[in-house]
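Q:
Numbering (my numbering), first residue to last: 72 to 164.
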């Protein structure tokens, strides 16, 4: 299993609460629709970052396939313009 953690900042002036609700509403339902995506949580963060994405994948290959999957690419069109920066880390368990 691979755990994928991403921390994001939003562009200045973006309402954090509304943005996180939007992002969660388009990404979390991808569980069960994209092969190998087992879990997805999006939550508002604090102490320097605006929100955190936590997800679990069956394998490294599943994580790689998720990145370019058409459903993921379509979901990103709803919020990608709101993002300023990101930091990601993946690890196997």
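No residue lacks a Cβ here, since even glycine has one placed at the ideal position from N, Cα and C.
Please say whether residue 161 and residue 74 have beta carbons closer to each other than 8 angstroms?
A: Against a cut-off of 8 angstroms, the Cβ pair of residue 161 and residue 74 comes out as a contact.
Q: Give the single residue among 111, 93, 113 and 124 whose Cα lies nearest to the Cα of residue 158.
A: When each option's Cα is compared against that of residue 158, the closest is 124.
Q: Taking the straight line between their C-alpha atoms, what separation do you get for residue 137 and residue 144?
A: Their Cα atoms are separated by approximately 9 angstroms.
Q: Tell me whether the beta-carbon of residue 153 lies closer than 8 angstroms to the beta-carbon of residue 81.
A: Their beta carbons are under 8 angstroms apart, which means residue 153 touches residue 81 by this criterion.
Q: According to DSSP, is residue 97 helix, strand or coil?
A: Residue state, collapsed to three classes: helix.
Q: Report the partner residues of residue 112 according to the DSSP bridge assignment.
A: Paired residue(s): 125.
Q: Pick helix, strand or coil for residue 104, following the three-state DSSP scheme.
A: The answer is coil: DSSP assigns residue 104 none of H, G, I, E or B.
Q: Can you give me the C-alpha to C-alpha distance between residue 84 and residue 150, rounded to a whole angstrom?
A: Each residue's Cα considered, the two are about 14 angstroms apart.
Q: Please classify residue 164 as buried or exposed, where buried requires at least 16 neighbouring CB atoms within 10 angstroms.
A: So residue 164 counts as exposed.
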